[in-house]
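Novice: Here it is: the structure, laid out below.
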Amino acid sequence: MTLFDGILLAFLLICAVSVSVTRNLLASVIIFMGFSLIMSVIWLTLEAPDLAITEAAVGAGVTGLLFFATLKKIHAIKAENGKPDSGAPEEDGNRDEK
Amino acid sequence: MVQLREFLTNLFANYYEAAAMILFGIGFTSLLMHRNLVKKIIGFNFMDSAIYLFLAAKGYITGRLAPIITDGNTDPRLYVNPIPTGLVLTGIVVSVSVTAFSLALTCRLYDKYHTLDIDEITYLARKERD
Chain Z
2 MTLFDGILLA FLLICAVSVS VTRNLLASVI IFMGFSLIMS VIWLTLEAPD LAITEAAVGA
62 GVTGLLFFAT LKKIHAIKAE NGKPDSGAPE EDGNRDEK
Chain W
144 MVQLREFLTN LFANYYEAAA MILFGIGFTS LLMHRNLVKK IIGFNFMDSA IYLFLAAKGY
204 ITGRLAPIIT DGNTDPRLYV NPIPTGLVLT GIVVSVSVTA FSLALTCRLY DKYHTLDIDE
264 ITYLARKERD
């Protein structure tokens, strides 16, 4: 076990736990994208460069975009000026697990 | 005691598989325990990744290279097993489709019930049915 592999795997598990702990949906999606990037480095160390390419493009890119589109649709992402989006039911989208 | 030591030695030797199983446990827990649908979908993705990590780690052979022929050397003993890699590549694409489908269903549920809480959705759906 090289030190690099250990660090990567530990980071993977930390990401997975912190998604459960975070209360903000947007933060958990961003952590999930970071998890996908770490996963693609792990594919490189496992000598699977095709998987690394796919994971970086699909796992971090497309899945992240899908999640962001969903969060936008359910008004969990606030608009830039601090106000909620047009016609947003204020607290519904932001309400996570209590 | 000897058995325990042997167990720990084997666990440490197969650290990729051990980490994959722990990751599967974390994903399964968040799939079951969270009430928020988006968190459930993320947990499902963690389970996917854990299985892919397990398969790819099974195909990996220490000290060998990726199966890409560069200098005309076609000796198969130089390369890692490419079959799990190909299977996992298919699986990653399928998991993205499943994620997209679940997120679409989540959007529809939110449009209908205006909440992401699975308990509340079940309650409202049951009340609607009765």
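So the protein lines, in turn, are chains Z and W.
Position in the first sequence (first residue = 1) + 1 = the numbering used here.
Position in the second sequence (first residue = 1) + 143 = the numbering used here.
All C-beta atoms in this analysis are idealised placements derived from N, C-alpha and C, irrespective of residue type, glycine included.
What's the C-alpha gap between Phe1 of chain Z and Ile165 of chain W?
Specialist: What the structure shows of chain Z is the stretch from 2 to 99, and residue 1 of chain Z is not part of that stretch, so it cannot be assessed.
Novice: Name, please, each residue of chain Z whose Cβ falls closer than 8 Å to the Cβ of Ile169 of chain W.
Specialist: Within chain Z, the residues near Ile169 of chain W are Leu14, Ala17, Val18 and Ser21.
Novice: Using the beta-carbon count (16 or more within 10 Å), is Leu169 of chain W buried or exposed?
Specialist: The sequence as given places Ile at residue 169 of chain W; Leu does not occur at that position. Classification of Ile169 of chain W: buried, given that the 10 Å Cβ count is 16 or more.
Novice: Give the residues of chain W in contact with Thr137 of chain Z, contact being defined as C-beta atoms less than 7 Å apart.
Specialist: Chain Z is shown only over 2 to 99; residue 137 of chain Z falls outside these bounds and no answer can be derived.
Novice: Of all Cβ atoms in chain Z, is any one closer than 8 Å to the Cβ of Val181 of chain W?
Specialist: Judged by the 8 Å Cβ criterion, Val181 of chain W is in contact with chain Z.
Novice: Taking just the CA atoms, how far does Trp44 of chain Z sit from Leu4 of chain Z?
Specialist: Going by the C-alpha atoms only, they are around 16 Å apart.
Novice: Interface residues of chain W around Gly1 of chain Z at Cβ under 9 Å?
Specialist: There is no way to answer for residue 1 of chain Z, as the model of chain Z reaches only from 2 to 99.
Novice: Please look up how many angstroms separate the CB atoms of Val223 of chain W and Ile204 of chain W, rounded, as I've assumed it's under 8 Å.
Specialist: Right, their Cβ atoms sit about 5 Å apart.
Novice: Applying the criterion that 16 or more other CB atoms from any shown protein chain within 10 Å of the CB defines a buried residue, is Met190 of chain W buried or exposed?
Specialist: So Met190 of chain W counts as buried.
Novice: At a CB distance below 8 Å, what residues from the segment 253-268 of chain W approach chain Z? Give them in sequence order.
Specialist: Listed by position, the residues of the segment 253-268 of chain W near chain Z (Cβ gap below 8 Å) are Tyr253, His257, Thr258, Leu259 and Asp260.
Novice: Residues bridged to Asp260 of chain W by DSSP?
Specialist: According to DSSP, which records beta bridges pairwise, Asp260 of chain W is partnered with W:Asn179.
Novice: Give the secondary structure of Leu47 of chain Z by DSSP, where H, G and I count as helix, E and B as strand, and everything else as coil.
Specialist: Residue state, collapsed to three classes: coil.
Novice: Straight-line CA distance for Leu230 of chain W to Ile15 of chain Z?
Specialist: Straight-line Cα distance between these residues: approximately 27 Å.
Novice: Measuring straight from C-alpha to C-alpha, what distance separates Leu19 of chain Z and Ala61 of chain Z?
Specialist: Checking the sequence, you will find Ser at residue 19 of chain Z rather than Leu. Distance between the alpha carbons of Ser19 of chain Z and Ala61 of chain Z is about 17 Å.
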